[in-house]
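Written below as structure tokens is the structure these notes are about.
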Amino acid sequence: MTPTKLVALFVAVAGSLLYLNSYFSQPETWESHNKKAVSAFRESRYAEAEKHFVRALELAETSPDNDHRLSFSLNQLAEIYQVQSKFVEAGWVLKRSLAMDEKRFGPKHLNVALRLNNLAGNYRMRGEYEEAESLLKQALKILEESLGKEHTLVANILEHYAYLLQKMGKPVEAQSLERRYKAIYSVQDSENQ
Numbered sequence: 004m005t006p007t008k009l010v011a012l013f014v015a016v017a018g019s020l021l022y023l024n025s026y027f028s029q030p031e032t033w034e035s036h037n038k039k040a041v042s043a044f045r046e047s048r049y050a051e052a053e054k055h056f057v058r059a060l061e062l063a064e065t066s067p068d069n070d071h072r073l074s075f076s077l078n079q080l081a082e083i084y085q086v087q088s089k090f091v092e093a094g095w096v097l098k099r100s101l102a103m104d105e106k107r108f109g110p111k112h113l114n115v116a117l118r119l120n121n122l123a124g125n126y127r128m129r130g131e132y133e134e135a136e137s138l139l140k141q142a143l144k145i146l147e148e149s150l151g152k153e154h155t156l157v158a159n160i161l162e163h164y165a166y167l168l169q170k171m172g173k174p175v176e177a178q179s180l181e182r183r184y185k186a187i188y189s190v191q192d193s194e195n196q
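What the sequence shown shows, in our numbering, is residues 4 to 196, in sequence order.
Following this line, the structure appears as structure tokens:
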């Protein structure tokens with residue numbers, strides 16, 4: 004076989020392989036990137052998880068406004084940023100998620116309270132305690148009005164708020180909230196037995 008025929012054969016085989024690979028390869032989906040990201044996250048491969056969460060977010064942004072994937076992707080990306088101590092980036096993502104849920108559900112929805120709590124945690128980690136306190140107060144108000152003062156989610160916010168107050172050097176206020184959330188958890192535990 005001549006060198007020209009060998010090159011032509013090689014090009015034909017390579018072209019066929021490339022065509023077959025593109026034909027049989029799976030399309031890129033939100034689900035596939037999210038699955039890869041979660042797997043990488045569980046294995047502490049945070050840079051890889053971040054890459055897949057970013058791509059999942061990009062794909063989710065092409066979905067309808069009310070699609071849960073966008074909100075989920077934003078929160079997952081914020082979590083991976085925080086694990087990597089990228090608190091400013093996480094804050095941007097959490098603010099976007101909060102704004103999206105406020106628009107979608109209204110300002111007094113449970114999801115909004117949970118987003119406020121997440122953003123408050125981000126502010127606390129950044130040492131911005133007053134901002135965190137303001138957000139926790141808003142979240143607490145929403146949850147108490149929606150679920151009542153004795154709900155487990157209220158206790159959860161109270162626990163975060165008490166921890167923040169300790170960080171702020173307000174132990175008396177923190178102890179008051181601590182007694183309250185422990186009482187709620189105690190009632191919940193006795194009801195579950």
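From the three backbone atoms N, C-alpha and C, an ideal C-beta is built for every residue, glycine too.
Annotation: the continuous alpha helix (DSSP H) that includes HIS36 extends over 33-45. With respect to the 8 Å criterion, LYS98 and LEU122 are classified as neighbours on the basis of their beta carbons. Contact check for ALA81 against ALA93 passes: the beta carbons are separated by less than 8 Å.
Cβ neighbours of TRP33 within its own chain (closer than 7 Å, five residues either side excluded): ALA59, LEU62, ALA63, ARG72. Its chain contains LYS111 as the residues whose beta carbon lies nearer than 8 Å to that of GLU148, once the 5 sequence neighbours on both sides are disregarded; these appear in chain order.
Sixteen is the threshold: when 16 or more other Cβ atoms of the shown chains lie within 10 Å of the Cβ of ARG127, as they do, the residue is buried.
Around the beta carbon of GLU194, fewer than 16 other beta carbons lie within 10 angstroms, which makes this residue exposed. Rounded to the nearest whole angstrom, the CA to CA distance from GLU136 to LYS152 is 18 Å. The DSSP-derived three-state label of ARG58 is helix. In this structure, the CA atom of PHE56 is about 13 Å from the CA atom of GLN85. Taking C-alpha positions only, ASN159 is separated from MET103 by approximately 23 Å. At a Cβ-Cβ threshold of 8 Å, HIS163 and GLY124 count as neighbours. In the structure shown, ARG48 adopts coil according to DSSP, grouped into three states. With at least 16 other beta carbons inside 10 angstroms of its own, GLN79 counts as buried. GLU53 sits close to ILE83, with the two beta carbons spaced by under 8 Å.
The beta carbons of LEU167 and VAL157 sit about 15 Å from each other, so the pair does not count as a contact at 8 Å. Shown here, GLN87 sits in coil according to DSSP, grouped into three states, outside any helix or strand. Taking the Cα positions, ALA142 is about 16 Å away from ARG183. In the structure shown, the three-state DSSP call for ASN195 is coil.
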